[in-house]
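Data first, discussion second: the structure below is written as structure tokens.
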Amino acid sequence: MEVVLLIIGLFIIFLAIAILYKDKNSDEETFSTNEEFSRLLLEKQIE
């Protein structure tokens, strides 16, 4: 259970950083990488 909470916590932190970075340099490539990362995380959580 703690591992899942840790993964979720790291994901939230990553999202916050990604959003701040996207604001600084509005690049669609950054956003698509972010989407791929979130998909990978979700797949790992389901396993």
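For the sequence shown, my numbering assigns the number 1262 to the initial residue and increments by one for each residue that follows. For each residue, glycine too, the CB sits at the ideal point set by N, CA and C.
Taking the Cβ atoms as the reference, F1272 lies roughly 5 angstroms from L1302, within the contact range of under 8 angstroms. Residues of the same chain with their beta carbon placed closer than 7 angstroms to that of E1296 are lacking, with the five preceding and five following residues left out of the count. One alpha carbon belongs to E1263, the other to L1276, and they sit about 20 angstroms apart.
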